[in-house]
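Respectively, the protein sequence lines represent chains A and B.
If you read the first sequence in the numbering used here, its first letter stands for residue 1, the second for the next number, and so on.
If you read the second sequence in the numbering used here, its first letter stands for residue 1001, the second for the next number, and so on.
For each residue, glycine too, the CB sits at the ideal point set by N, CA and C.
Quick caveat: nothing in here was measured; it's all calculated off a predicted structure.
I have placed the structure first, in the form of structure tokens, so that the comments after it can refer back to it.
2 protein chains.
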Amino acid sequence: MPAAGPRCPGVRRRLPVLRWLPSYSLAWLQLDLMAGLTVGLTVVPQALAYAEVAGLPLQYGLYSSFMGCFVYCFLGTAKDVTLGPTAIMSLLVSSYAFHEPVYAVLLTFLSGCIQLAMGLLHLGFLLDFISCPVIKGFTSAASITISFNQVKNLLGLQGIPRQFFLQVYETLRRIGETRVGDAVLGLACLAVLAGLRAMKNSLPRASRGEPLAARVSYLIVWTSATARNALVVLFAGLVAYSFQVMGSQPLTLTGSIPRGLPAFRLPRFSMDAPNSTISFRNMVEVGDMGVGLAVVPLMGLLETVAIAKAFGTAAPGSCAGGGVSAEGLGVPGRVLFPWGTAVNAQSGVCTPAGGLVTGALVLLSLAYLTSLFYYIPKAALAAVIISAVVPMFDAGIFRTLWRVKRLDLVPLCVTFLLCFWEVQYGIVAGVLVSGILLLYSIARPPIKVSEGDVLLVQLGSNLHFPAMECLRDAICSHALAAFPPRSVILDCCHISSIDYTVVVGLAELQQELGKHGLSLAFCSLQDPVLQVLLAADLEGFQHFPSREEAGEALGFPGFSPRVGVPRLLWCGALEDEDGGPTFIRPPQLQCGELWGGWLLGR
Amino acid sequence: MPAAGPRCPGVRRRLPVLRWLPSYSLAWLQLDLMAGLTVGLTVVPQALAYAEVAGLPLQYGLYSSFMGCFVYCFLGTAKDVTLGPTAIMSLLVSSYAFHEPVYAVLLTFLSGCIQLAMGLLHLGFLLDFISCPVIKGFTSAASITISFNQVKNLLGLQGIPRQFFLQVYETLRRIGETRVGDAVLGLACLAVLAGLRAMKNSLPRASRGEPLAARVSYLIVWTSATARNALVVLFAGLVAYSFQVMGSQPLTLTGSIPRGLPAFRLPRFSMDAPNSTISFRNMVEVGDMGVGLAVVPLMGLLETVAIAKAFGTAAPGSCAGGGVSAEGLGVPGRVLFPWGTAVNAQSGVCTPAGGLVTGALVLLSLAYLTSLFYYIPKAALAAVIISAVVPMFDAGIFRTLWRVKRLDLVPLCVTFLLCFWEVQYGIVAGVLVSGILLLYSIARPPIKVSEGDVLLVQLGSNLHFPAMECLRDAICSHALAAFPPRSVILDCCHISSIDYTVVVGLAELQQELGKHGLSLAFCSLQDPVLQVLLAADLEGFQHFPSREEAGEALGFPGFSPRVGVPRLLWCGALEDEDGGPTFIRPPQLQCGELWGGWLLGR
């Protein structure tokens, strides 16, 4: 999209604030103010909750929520995006935090460095290799993991381990120790949150034509539904405070949170242990950050890009820049706040300036509200988290994939199941599996062979080097097996580029057929492919614009592929019962199905 | 190809000896006998030489040469193939041998196990991912490495390190210490070998019509040229023996070689060190076999398959079986003997029984000739090796790739250069680089956009999931950037299959265009793609058999893409100067070149 003006496009691109600030108006300010406030009321309780998910002291959720707002205001282009901690990133960080912020801060800083490097080296295309089934499998598993992780807080259980399977086992074993107060409050909060959410979803959009009273009441309902997290936490805190005043406390409380901000400094690259100092290398190794540093930066970018896209103002470069900056300054937690973003979009935010209001609200609560946070019951925060992550579980995806593309169930299930073991291993395994499926489909492209006086071979897709051997085997076995052996016409209309390995393979194929007195004629070559083949100077290279002309040149003027026996061949294994090549059918199709107009053979 | 008879195809497939043994005749025996002898005369000196390359005691070359012959006789299908050590495999093994056969035997055994597992798991397709430039780069580098490795023996220098760069440095530094006797003999042997090879290549094929004398003299020249290694070694041995008898020895000799065979037993999985026992795990770790175990089995299979294919009787499964068996029994060195194979083909070998003769010859030399091997000068063996590996260097490949496909120079150069550091790292890096280039070309397919009343978008190749974002960005930026925004016809004629990520991407694209009141119409969908899209139940999905019908349905009856501005777009970077997507041209094409009938845009 073009910039707002033609002058200094480079500066404008790097500082998008220059695009909207000069034309900022009072009407915009009003909208931004209101949107920023509403978002802030969502951000504060969720920030506390996500810090709990990440296994960090709760104030770290707030620390990580304001910096992104300020930085993105200057560097961001997507007005709907709010930077801050998310459930997904908190879960990823939790594997490496060990309840020790130093590790989380280091991981965040290093992830920011990696994202910055990816941006500078133009490695953004790596994101394209995280396929949809992997993302769905991961978010669905994360939804279950995070929810179950909060069940212990909902029930008031202490000392439950972090690992999912141990957690399930311990939680079920000790379910008898449930504290009634926590459980009742938690379930009540969950019910209220679910009710407010349902109410908001069914709320009709207020139109300008309606009377003022209707519009005001709409606004009240909308605001309370939108700021439901803040309302629920406030209500639960009041309950806890009443109990405290009355002298009995049936609820597990958050406890004291330090007031104000930590010192603004670089992250620590070494740590003081009781008897010694843990070096940077040891921190990375002991923390086992290796896989984390591969997964966290990519998932962070992916989330930012996905949300920015969902709101139709894609600007991945800038998003990444914002993310990097927030992290580079040593703020843990990180990127993007999908709910805040959704709220932004709905509350009519005009410019990234709404972020300033949100950030200010977070700072104010750090300055004046931390003493009140003491009374927030853990069960209420657990309810906030659970109601936020449950919608991420997508049960329908399994049925959809079964209907649309069964092969994609493999990466989905691999990711989904392994994520319960360790989230980052699930993602890595899912990406590897979908990569292997991709490479396999490239190594074994669909090959159509139609028998006749001349063998007509057509490739269903592009011809990359791993597919050459398969094509060669298919052609040789068919051309030489029949009696008399038949010449071959290779229809290349779907081939858009070839590499040297393919050229060598085709040359060898031509030689092999030549030894038996047969010809190999190419037809429908695209220009770049033809140029490569001409440059390779193949001996006896024949090319014709169409199949018919090729058939004529090979001595079969009335040539047409025999229509009675169309077959789709899909080479899979090395040899069949008799030592010849086997052709198995594509895994996603059934026998008798149509493929590009041809009946699918055995 | 069909088996000889229809009965028991399974047994016949597993024991190919049953195919040719029942019909074996005396005439075949004569031919096999002669071929086996000629091959044997080549095998014995080369076996000694390759043991030297692998850094093992020379007798191990012989040990590894006979077992393959016997096993392959029963399990092999390609009559031209002789199993035994090769220069390439010897070089690969040398990185792990440390002059200690136990390591080499263990590596060989484990490689055999891996090959067996690959066969059982049908992982043969992994070989397809080793592209031609990688093989060429590797063999060219190996040719230089192996040759230079022998220069020290040719010059009679002692104590030169194994690493290539150190070797070059030390050899040049100590060139003054050259022993004249070794150097003169070595160079003489090299000259004789080169002469005999040239003679053989220029020898006309004897025809049956010629007189007996001509045919006999032809046979003599052919045999001496073919068995030139044996002749040269014999001659050099005689020279050394004469010097020994005369009491002075200007030559470096091979030294004593133990007679007979080692005990037939499983490889050792632990080793006795002076003060302790090295465990299996330590052997694998200390020997740093990790990368070796990834590279050696693949390269072994690749060599076998390549040679069997070159002689037109491809049966990779069985070749691998033979290789595995030979190795599984603990014979180091391994696989295939390209020269023996070439000799087999030329000397008219009939059946794999020729291997029995060759094997017997090796066994006989182990039993009776080891005392004579004492006198073989090292310089003569060095000459045999150098003359065997120099033809593997292919200087033309650089020029060919520059002409045919410049992008393939990248994996070639990476492999070639890194192989001088460590051969196995060179191969791994080359495979990775060509894999990345492959994935990149899949993630950034050629997209043709022709502007007109309606935007016509055509994909040049198949659409896999990593390409979806690129396509979406290209379409959005073009459809929405113009005024008024234009509907889109997506021509899918080259797409043969799509996955769920692509389906989701297309659905989102359709939604996004729909938000601006635009349509997305598909045309020329192949049946499997259409089925997937119908199963996905996209909202507002429109499909038409041809572009014209799609244009008509969108309200542009006379629709045709504007011919004046054909452009090839190739999306590469995330954004250009103004924040919009950039389109860079395909790296292998120049501006103004033709691509599929379209002029290449900037």
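Closer than 9 Å by beta-carbon distance: list the chain A residues that pair up with residue i, in chain order.
| i | result |
| --- | --- |
| Thr1254 (chain B) | Simply none; closest approach about 40 Å. |
| Phe1129 (chain B) | Leu439, Ala443, Phe465, Pro466 |
Name the DSSP beta bridge partners of residue i, please?
| i | result |
| --- | --- |
| Ala1521 (chain B) | B:Ile1489, B:Gln1542 |
| Ile278 (chain A) | A:Met271 |
| Ser1450 (chain B) | B:Leu1456 |
| Leu1372 (chain B) | Partner(s): none; Leu1372 (chain B) has no beta bridge. |
| Leu1253 (chain B) | B:Pro1377 |
Could you give the distance in angstroms between the alpha-carbon of residue i and the alpha-carbon of residue j?
| i | j | result |
| --- | --- | --- |
| Gln511 (chain A) | Met1199 (chain B) | 26 Å |
| Leu1354 (chain B) | Leu1031 (chain B) | The sequence given here has Gly at residue 1354 (chain B), not Leu. C-alpha separation (whole angstroms): 8 Å. |
| Ala1507 (chain B) | Leu1520 (chain B) | 10 Å |
| Cys1476 (chain B) | Leu1513 (chain B) | 8 Å |
| Leu1336 (chain B) | Leu1363 (chain B) | Reliability of the predicted coordinates at Leu1336 (chain B) is poor, the pLDDT of 29 falling under 50, and the value obtained from them is presented with this limitation in mind. C-alpha separation (whole angstroms): 18 Å. |
| Leu538 (chain A) | Asp527 (chain A) | 16 Å |
| Thr86 (chain A) | Gly61 (chain A) | 10 Å |
| Val1488 (chain B) | Val1457 (chain B) | 7 Å |
| Ala54 (chain A) | Ser90 (chain A) | 4 Å |
| Ala1051 (chain B) | Val1296 (chain B) | 16 Å |
| Leu1219 (chain B) | Val1232 (chain B) | 18 Å |
| Leu480 (chain A) | Asp499 (chain A) | 26 Å |
| Gly1247 (chain B) | Val1184 (chain B) | 19 Å |
| Ala1641 (chain B) | Cys1493 (chain B) | Chain B is shown only over 1001 to 1602; residue 1641 (chain B) falls outside these bounds and no answer can be derived. |
| Leu1407 (chain B) | Leu534 (chain A) | 17 Å |
| Leu1018 (chain B) | Tyr1024 (chain B) | 10 Å |
| Arg1259 (chain B) | Ser1371 (chain B) | 7 Å |
| Val1359 (chain B) | Ala1049 (chain B) | Going by the sequence as given, residue 1359 (chain B) is Gly instead of Val. Taking the straight line from one Cα to the other gives about 17 Å. |
| Tyr63 (chain A) | Ser434 (chain A) | 37 Å |
| Gln1424 (chain B) | Thr254 (chain A) | 57 Å |
| Phe117 (chain A) | Tyr96 (chain A) | Looking at the sequence shown, residue 117 (chain A) is not Phe but Ala. So the two alpha carbons sit approximately 22 Å from each other. |
| Phe398 (chain A) | Pro211 (chain A) | 46 Å |
Given that residue i touches chain A, what residues does it touch there, using C-beta distances under 7 Å?
| i | result |
| --- | --- |
| Asn1462 (chain B) | Ser461, Asn462 |
| Glu1469 (chain B) | Asp128 |
| Cys941 (chain B) | Residue numbering for chain B in the displayed model covers 1001 to 1602; residue 941 (chain B) lies beyond these limits and cannot be assessed. |
| Phe1138 (chain B) | None at all; the shortest Cβ gap to chain A is about 14 Å. |
I want to verify the contact list: residues of chain B whose CB lies under 7 Å from the CB of residue i, in sequence order.
| i | result |
| --- | --- |
| Ile160 (chain A) | The premise fails here: Ile160 (chain A) is roughly 36 Å from chain B at the closest Cβ pair, so nothing lies under 7 Å. |
| Pro446 (chain A) | Ser1496 |
| Pro297 (chain A) | Under the 7 Å cutoff, chain B gives no residues; its nearest Cβ is about 16 Å from Pro297 (chain A). |
Quick check: is the beta carbon of residue i nearer than 8 Å to any beta carbon in chain E?
| i | result |
| --- | --- |
| Pro391 (chain A) | The chain inventory of the structure shown lacks chain E, comprising the protein chains A and B. |
Could you work out which residues of chain B lie near residue i, taking near to mean beta carbons separated by less than 8 Å?
| i | result |
| --- | --- |
| Phe398 (chain A) | By Cβ distance, chain B contributes nothing, its closest Cβ being about 12 Å from Phe398 (chain A), past 8 Å. |
Residue i versus chain B: which residues are under 9 Å apart at the beta carbon?
| i | result |
| --- | --- |
| Phe544 (chain A) | Those within 9 Å of Phe544 (chain A) in chain B number zero; the least Cβ separation is about 16 Å. |
Please compile the residues from chain A whose C-beta is within a distance smaller than 8 Å of the C-beta of residue i.
| i | result |
| --- | --- |
| Phe1416 (chain B) | Here the premise fails: no neighbours, minimum Cβ distance about 14 Å. |
Taking 7 Å as the cut-off, does the CB of residue i come closer than this to any heavy atom belonging to the ligand PLP?
| i | result |
| --- | --- |
| Ile1135 (chain B) | By its list of ligands, the structure shown contains no ligand whatsoever, and the ligand PLP lies outside what it can speak to. |
To be precise: take each residue of the stretch 484-508 of chain A, compare its Cβ to all Cβ atoms of chain B, and keep it if any distance is under 9 Å. Which residues remain? Cys493, His494, Ile495, Ser496, Ser497, Ile498, Asp499, Tyr500, Thr501, Val502, Val503, Val504, Gly505, Glu508
What residues in the stretch 1424-1443 of chain B bring their beta carbon closer than 9 Å to a beta carbon of chain A? Going along the stretch 1424-1443 of chain B in chain order, one finds Ser1434, Gly1435, Leu1437, Leu1438, Leu1439, Tyr1440, Ser1441, Ile1442, Ala1443 with a Cβ nearer than 9 Å to chain A.
Three or more beta-carbon pairs under 8 Å between the stretch 1445-1452 of chain B and the stretch 1166-1174 of chain B, yes or no? no
Using a Cβ cut-off of 7 Å, which residues of the stretch 516-536 of chain A contact any Cβ in chain B, in chain order? Gln526, Asp527, Pro528, Val532, Ala535, Ala536
Would you call the stretch 1132-1139 of chain B and the stretch 1401-1420 of chain B touching, i.e. three or more CB-CB distances under 8 Å? yes
Does the stretch 1461-1469 of chain B come into contact with the stretch 1423-1432 of chain B, if we say contact requires no fewer than three beta-carbon pairs (one atom in each stretch) closer than 8 Å? Judged by Cβ distances under 8 Å, the stretch 1461-1469 of chain B makes no contact with the stretch 1423-1432 of chain B, as fewer than three pairs qualify.
State whether the stretch 1142-1149 of chain B contacts the stretch 1388-1404 of chain B, with contact taken as three or more CB pairs (one from each stretch) at a distance under 8 Å. yes
Residues from the stretch 400-412 of chain A in contact with chain B, defined by Cβ distance under 7 Å: Cβ contacts with chain B come from Leu401, Arg403, Val404, Lys405, Asp408.
Are the stretch 392-406 of chain A and the stretch 376-383 of chain A touching by the rule of at least three beta carbon pairs closer than 8 Å? no
Check whether the stretch 1152-1167 of chain B touches the stretch 1120-1128 of chain B, taking contact to mean three or more Cβ pairs, one atom from each stretch, closer than 8 Å. Segments in contact, no.
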